[in-house]
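Have a look at the structure below, then the notes.
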Amino acid sequence: MRNGRIQLINNLYGSMLKEVATFENHNTVNKKSSEVTPYDYFENIERYHGFSKAINKIWVNHVKILLSCYQKLTSIIHNTKMAPYKKVEAAVSSLYQAKSSGSSSLASTSLDSAISETQLTFQETFSQMGISIPQIDQKIYLDVFFEIINIQKILYHEVLFIIENVVLFIFAETNKKCKKLWKIFADNLQLSIQDHLCTIRQIAESTHHIRHYLSANVELIELHANMLKLQLKCPPNGIVDNKLQTCTMEKCEDIKKFIINMIKYCTDNDIKKEFKDYILKKLSDLQKKFDEIKTYAEDVSKTITFEEELEIRRVMQTEFKSSGHWYDCPNGHPYTIGECGRAWEKSVCPECNAEIGGESHKLSAGNRERQNLAAP
Numbered sequence: 001m002r003n004g005r006i007q008l009i010n011n012l013y014g015s016m017l018k019e020v021a022t023f024e025n026h027n028t029v030n031k032k033s034s035e036v037t038p039y040d041y042f043e044n045i046e047r048y049h050g051f052s053k054a055i056n057k058i059w060v061n062h063v064k065i066l067l068s069c070y071q072k073l074t075s076i077i078h079n080t081k082m083a084p085y086k087k088v089e090a091a092v093s094s095l096y097q098a099k100s101s102g103s104s105s106l107a108s109t110s111l112d113s114a115i116s117e118t119q120l121t122f123q124e125t126f127s128q129m130g131i132s133i134p135q136i137d138q139k140i141y142l143d144v145f146f147e148i149i150n151i152q153k154i155l156y157h158e159v160l161f162i163i164e165n166v167v168l169f170i171f172a173e174t175n176k177k178c179k180k181l182w183k184i185f186a187d188n189l190q191l192s193i194q195d196h197l198c199t200i201r202q203i204a205e206s207t208h209h210i211r212h213y214l215s216a217n218v219e220l221i222e223l224h225a226n227m228l229k230l231q232l233k234c235p236p237n238g239i240v241d242n243k244l245q246t247c248t249m250e251k252c253e254d255i256k257k258f259i260i261n262m263i264k265y266c267t268d269n270d271i272k273k274e275f276k277d278y279i280l281k282k283l284s285d286l287q288k289k290f291d292e293i294k295t296y297a298e299d300v301s302k303t304i305t306f307e308e309e310l311e312i313r314r315v316m317q318t319e320f321k322s323s324g325h326w327y328d329c330p331n332g333h334p335y336t337i338g339e340c341g342r343a344w345e346k347s348v349c350p351e352c353n354a355e356i357g358g359e360s361h362k363l364s365a366g367n368r369e370r371q372n373l374a375a376p
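Under UniProt numbering, the letters of the sequence shown match residues 1 to 376, in that order.
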């Protein structure tokens with residue numbers, strides 16, 4: 001997929017971006033498996049996220065293999081919730097119906113089993129026939145759910161790649177609107193991942209699947225890190241103001257306290273050493289990551305990392321045969337001027353609409369040359 005990213009960006013730039021539509025939010029659910037976001041929500045981005053038909057076609061062509069896998073996994077999720085062995089189920093259907101109609105009420109069962117009333121009735125029916133059918137293995141359900149989340153995470157990173165490349169250069173107002181839609185799409189992906197992880201965590205905790213419970217919590221912590229980073233890169237009002245900075249730093253501290261609790265939970269539980277060491281290493285790395293995010297929030301000029309700046313330089317060298325000249329707008333957002341020697345014309349920052357560039361090699365007021373440049 002990474003090999004197709006350059007073609008993806010080229011196609012997006014060459015598409016009819018002026019057809020960007022008005023965003024409308026459609027909260028749809030899969031009727032067969034309501035806890036799973038339907039794959040169509042990530043495929044039909046024209047309908048659900050307001051993109052043009054041209055962009056929808058380009059997106060689907062880029063992620064069609066992932067979406068196909070996603071659809072198959074949602075089918076597996078549905079099947080794990082159904083009564084096992086469908087052929088056997090059909091064979092005893094009449095006996096089941098007779099049992100259901102002949103009983104005034106179904107026997108109460110333990111909530112810890114996490115099995116639906118209907119499934120238990122089928123198991124009782126099988127038992128009367130002398131057939132032993134085990135309860136549905138929740139581990140299969142949880143494992144498949146994690147794979148669905150992994151696909152959503154890949155889709156999320158592809159959307160981030162698009163967002164980051166849209167802001168490399170200054171384009172028309174329609175492109176700015178398009179970038180806003182991609183940001184909303186990224187937010188929706190994050191919310192979907194968060195909802196799914198919360199579902200896994202709840203089920204894993206109630207069914208005593210400690211490995212899945214720990215993994216879901218680690219994934220949730222990583223997701224919160226990504227959400228905070230995206231807010232700093234693409235703030236709602238275009239500017240990382242004091243309110244956003246303070247809120248971000250407070251959330252970092254709160255999550256770090258939660259990480260400490262998870263470290264204790266992992267240490268106290270009897271799980272395999274290899275898995276325990278893996279989780280503890282991940283939690284330790286996440287503590288450092290939230291320290292970095294807090295630092296970024298304190299100094300917004302560091303919201304673009306060395307690696308990101310280096311990648312942008314490589315793209316510019318490919319396009320313009322030079323890495324360009326780097327500047328900050330009055331609100332600290334970085335931008336670059338390509339091949340020609342420095343500031344010759346004025347424009348607006350795609351992040352906050354502040355005036356950028358300049359005239360006759362002189363920068364507009366408030367603009368400054370970036371100091372923490374990556375090595376060429």
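Heads up, the beta-carbon is just placed ideally off N, CA and C, and yes, glycines get one too. Computed from a prediction, not measured in an experiment: that's the story for all the values here.
Terminal residues of the continuous beta strand (DSSP E) containing residue i?
i: H361; result: That residue, H361, is in no beta strand (DSSP E); it is neither H nor E in DSSP.
i: S347; result: K346 to V348
i: T80; result: Run containing T80: none in the beta strand (DSSP E); it sits in the alpha helix (DSSP H), K53 to T80.
i: H208; result: H208 -> no beta strand (DSSP E), and no H or E assigned at all.
i: D328; result: H325 to D328
i: P334; result: P334 to I337
So, are the CB atoms of residue i and residue j less than 9 Å apart?
i: C178; j: F42; result: no
i: G357; j: S347; result: yes
i: K289; j: A225; result: yes
i: Q202; j: L223; result: no
i: A354; j: P330; result: yes
i: L283; j: K251; result: no
i: D187; j: T37; result: no
i: E147; j: H62; result: no
i: W59; j: I76; result: no
Do you know offhand how far residue i's Cα is from residue j's?
i: A375; j: W326; result: Note that A375 scores 36 on pLDDT, short of 50, meaning its location in the model is unreliable and no value can be drawn from it.
i: I136; j: E205; result: Confidence is the limiting factor: at I136 the pLDDT is only 46, short of 50, which leaves the residue's position unreliable, though a coordinate-based value still follows. For I136 and E205, the distance between alpha carbons rounds to 17 Å.
i: A91; j: K64; result: Because A91 sits at a pLDDT of 47, beneath the cut-off of 50, its placement in the model cannot be relied upon, and the following sentence gives the value as read from the coordinates. When rounded, the distance between both Cα atoms is 38 Å.
i: V336; j: Y278; result: For the sequence presented, residue 336 should be read as Thr rather than Val. So the two alpha carbons sit approximately 41 Å from each other.
i: T22; j: K53; result: For T22, the predicted structure reports a pLDDT of 46, less than 50, and the residue's modelled location is therefore unreliable. The matter cannot be settled from this model.
i: K72; j: Y39; result: 10 Å
i: F126; j: L67; result: Low confidence applies here, because F126 scores a pLDDT of 47, under 50, leaving its location unreliable; read the following figure in that light. Their Cα atoms are separated by approximately 37 Å.
i: Q245; j: H78; result: 42 Å
i: K281; j: L197; result: 20 Å
i: D268; j: M262; result: 10 Å
i: residue 382; j: Y70; result: Not covered by the structure: residue 382. The range shown for the chain is 1 to 376.
i: C234; j: E351; result: 7 Å
i: E369; j: K362; result: 11 Å
i: K183; j: P236; result: 10 Å
i: D328; j: E359; result: 16 Å
i: R47; j: L181; result: 12 Å
i: Y156; j: I260; result: 28 Å
i: R5; j: E345; result: 31 Å
i: F171; j: I163; result: Below a pLDDT of 50, predicted positions are generally treated as unreliable, and F171, at 49, falls in that range; no measurement from the model is reported.
i: residue 432; j: N367; result: Summary: the structure shown does not reach residue 432, with the chain confined to residues 1 through 376, and so no result is reported for it.
i: S364; j: N242; result: 24 Å
Where does the unbroken alpha helix (DSSP H) through residue i begin, and where does it stop?
i: V36; result: Run containing V36: none; DSSP gives neither H nor E here.
i: D254; result: N242 to D268
i: I45; result: I45 to H49
i: I279; result: K273 to E298
Assuming residue i and residue j form a contact by the criterion Cβ under 8 Å, report the distance between their Cβ atoms to the nearest whole angstrom.
i: S192; j: Q231; result: In fact, because the Cβ distance is near 17 Å, the residues do not count as touching under 8 Å.
i: I210; j: I140; result: With a Cβ gap of about 17 Å, I210 and I140 do not count as contacting.
i: Q138; j: T207; result: 5 Å
i: E219; j: I154; result: So it is not a contact: roughly 14 Å between Cβ atoms.
i: F185; j: H49; result: 5 Å
i: T199; j: E35; result: 5 Å
Do you know whose CA, among the options, lies nearest residue i's CA?
i: K276; options: T295, I221, P235 and S215; result: S215
i: Y213; options: E158, I255 and F145; result: F145
i: Q7; options: N165, N367 and I255; result: N165
i: Y265; options: I45, C234, N217 and T246; result: N217
i: T248; options: E274, V159 and E292; result: E292
i: F258; options: L12, I221 and Y156; result: I221
i: L12; options: S364, N56, I45 and Y156; result: N56
i: I239; options: I260, L181, K273 and C349; result: C349
i: E253; options: D241, N242, A297 and K273; result: A297
i: K256; options: D299, D285, S364 and A365; result: D285
Beta-carbon of residue i versus every beta-carbon of chain C: anything under 9 Å?
i: K183; result: Structure shown: chain C not included; a single protein chain is present.
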